[in-house]
Amino acid sequence: MPTPDNYLVRQATTHDLAGITALLQENAAGNGGTLNGDFPAEKVAGMLNHPGAIVAVAQCAAGIAGVLFSTSSFRQGPEVVNAMLRAWPPGKQCWIYGPACISTRARGQGLLLRLYDELRSHYGNKAPVLFIQADNRRSIQAHERLGMTQVAQFYINNVHFLVYSH
Numbered sequence: 003m004p005t006p007d008n009y010l011v012r013q014a015t016t017h018d019l020a021g022i023t024a025l026l027q028e029n030a031a032g033n034g035g036t037l038n039g040d041f042p043a044e045k046v047a048g049m050l051n052h053p054g055a056i057v058a059v060a061q062c063a064a065g066i067a068g069v070l071f072s073t074s075s076f077r078q079g080p081e082v083v084n085a086m087l088r089a090w091p092p093g094k095q096c097w098i099y100g101p102a103c104i105s106t107r108a109r110g111q112g113l114l115l116r117l118y119d120e121l122r123s124h125y126g127n128k129a130p131v132l133f134i135q136a137d138n139r140r141s142i143q144a145h146e147r148l149g150m151t152q153v154a155q156f157y158i159n160n161v162h163f164l165v166y167s168h
């Protein structure tokens, strides 16, 4: 297993599409993971090329081990993002964080913090805003370790979500 020093954290490019897609699909709810939705290559390509998007990846010799998406653009957001911003209107002054995904083999090595730091270097003092499904304890704990706190909550299709920011 690679050590934390064996991961290169950098901004993603379109050359990373296959690796990012595989990681997200492996962790999608439809495959027993905790990520909301499915992530076919066309959707991931759209996320990578979304106006205002900055995407960080953690790469090792075996491929993409982590990814963190972000955007400063609020146009054409998915309904869950729109619901998050209705639940916590100050989020419109933030950058949208997520989805974030770390491969099973790379968890517990500090990669989420490194990906988060990579994105914060682009956004400066501007705070992130994100949603987490309320029953996803692992994600809640990981984001609280980053110094984030719950600022609101909402329901969509009878699913409870928490809004976090820093």
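Here my numbering runs 2 ahead of the position in the sequence shown, where the first position is 1.
Using N, Cα and C, we set each Cβ at its ideal position, and we do this for glycine too.
Cβ pair residue i, residue j closer than 8 Å
{"i": "V131", "j": "W90", "result": "yes"}
{"i": "V46", "j": "V59", "result": "no"}
{"i": "I158", "j": "H145", "result": "no"}
Coil, strand or helix - residue i by DSSP
{"i": "G65", "result": "strand"}
{"i": "A144", "result": "helix"}
{"i": "G149", "result": "coil"}
{"i": "G34", "result": "coil"}
{"i": "A55", "result": "strand"}
{"i": "R109", "result": "coil"}
{"i": "A136", "result": "coil"}
{"i": "N80", "result": "Here the sequence assigns Pro to residue 80, which means Asn is not the residue at that position. Note: P80 maps to coil in three-state DSSP."}
{"i": "T73", "result": "strand"}
{"i": "A129", "result": "coil"}
Boundaries (first-last residue) of the beta strand (DSSP E) holding residue i
{"i": "L124", "result": "The sequence shown places His at residue 124, rather than the Leu named in the question. Careful: H124 lies outside any beta strand (DSSP E), inside the alpha helix (DSSP H) at 113 to 125."}
{"i": "A102", "result": "97 to 104"}
{"i": "F163", "result": "161 to 167"}
Selection from the options that minimises the alpha carbon distance to residue i
{"i": "L148", "options": "R122, Q155, A136, F156", "result": "R122"}
{"i": "L114", "options": "V161, S141, A20, P53", "result": "S141"}
Range covered by the alpha helix (DSSP H) that runs through residue i
{"i": "G48", "result": "43 to 50"}
Residues bridged to residue i [DSSP beta-bridge criterion]
{"i": "A154", "result": "V165"}
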